[in-house]
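Below you'll find the structure, written out as structure tokens, and then a few comments.
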Amino acid sequence: MRRLLLLAATLIISCNIASAQSSQPYAGLEHRPIKALSQQQIDDLRAGRGMGLALAAELNGYPGPSHVLELGDRLELTADQRIQVQRLFDAMKQEAVSLGNKLVEQETELDRLFSTRVATSESLRATLVAISETQALLRESHLKYHLSTTAVLDPSQKQRYAELRVTNALMAPKDTSTVTKRNHRNADSTMRPRISAVSEYLSV
1 MRRLLLLAAT LIISCNIASA QSSQPYAGLE HRPIKALSQQ QIDDLRAGRG MGLALAAELN
61 GYPGPSHVLE LGDRLELTAD QRIQVQRLFD AMKQEAVSLG NKLVEQETEL DRLFSTRVAT
121 SESLRATLVA ISETQALLRE SHLKYHLSTT AVLDPSQKQR YAELRVTNAL MAPKDTSTVT
181 KRNHRNADST MRPRISAVSE YLSV
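Its first residue numbered 1, the sequence shown is counted upward by one per residue in this note's numbering.
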């Protein structure tokens, strides 16, 4: 009986803690340098990482230069193909880093408008327009190189790539790392939806 009471008490405490956490989804975020971006997102943007921005291409059969280079031997890329794909990757990286840094600066400005209590309807709109344009360019900088990379591969290589990607997905550990989960969650919950939110705001 005592064990049952102890178990019940433990469950109640656990539920209360979970409830408290869920009722305070922004707890701790006020300490971020940029409230709308996690440190991981800032690092990813500055490093030109994909952040899931090219999933529309990747998951519909348009491989990106990074993964093609990783699978180069198994795809039996020719020397010329490797050179072409490497150039595409370098160009994509350069664009993404530049745009990522620009977006971080713009998000910093948006945060400043509110932290210093100087935000107005006009300044908010102007800042959001700038952010939405940079976000669109950043996403394009990843997607367009998936198009270019796909054009470099022959049909058999494209088919082989699709097979390898499926195999790699099946063989990947079910319990992925916290960082990977966070990257996907951040990309899904913060970056892409905000483009739609900005568009809706600007259309009002």
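Cβ coordinates follow ideal geometry from the N, Cα and C atoms, glycine included.
- Going by beta carbons, Ala130 and Gln159 fall outside the 8 Å limit.
- Under the three-pair Cβ rule at 8 Å, the stretch 37-50 counts as touching the stretch 88-104.
- In the structure shown, the three-state DSSP call for Leu153 is coil.
- Non-local beta-carbon contacts of Asp111 in its own chain, meaning distances under 6 Å to residues more than five positions away in sequence, involve Ile34, Lys35 in chain order.
- Taking a contact to require three or more Cβ pairs closer than 8 Å, the stretch 111-129 and the stretch 66-75 do not qualify as touching.
- When the beta-carbon positions are compared, Ala54 and Gly64 come within less than 8 Å of each other.
- Here Glu76 carries a coil assignment [DSSP, helix/strand/coil].
- Under the Cβ criterion (8 Å, minimum of three pairs), the stretch 74-94 counts as touching the stretch 148-162.
- Closest option to Ala91, judged by alpha-carbon separation, among Leu59, Gln157, Lys144, Ile42: Lys144.
- When DSSP states are grouped into helix, strand and coil, Gly50 belongs to the coil group.
- CA-CA distance, Leu147 to Gln24, rounds to 42 Å.
- Using a Cβ distance threshold of 8 Å, Leu113 and Thr127 count as a contacting pair.
- Counting along the chain, the unbroken alpha helix (DSSP H) around Val68 starts and ends at 65-70.
- Ile42 and Met51 have their C-alpha atoms spaced approximately 11 Å apart.
- With respect to the C-alpha of Phe89, the residue from Ser141, Val166, Leu164, Gln157 having the closest C-alpha is Ser141.
- Between the C-alpha atoms of Ala56 and Ala96 there is a straight-line separation of about 17 Å.
- For the set Ser66, Arg165, Arg117, the Cα lying nearest the Cα of Ile83 is the one of Ser66.
- Here Asn101 carries a helix assignment [DSSP, helix/strand/coil].
- Judged by DSSP secondary structure, Glu58 falls within the alpha helix (DSSP H) whose first and last residues are 55-58.
- Relative to Glu163, the option among Ser132, Leu37, Tyr26, Glu58 whose CA is nearest is Glu58.
- Distance between Arg165 and Gln157, taken at the CA atoms: about 12 Å.
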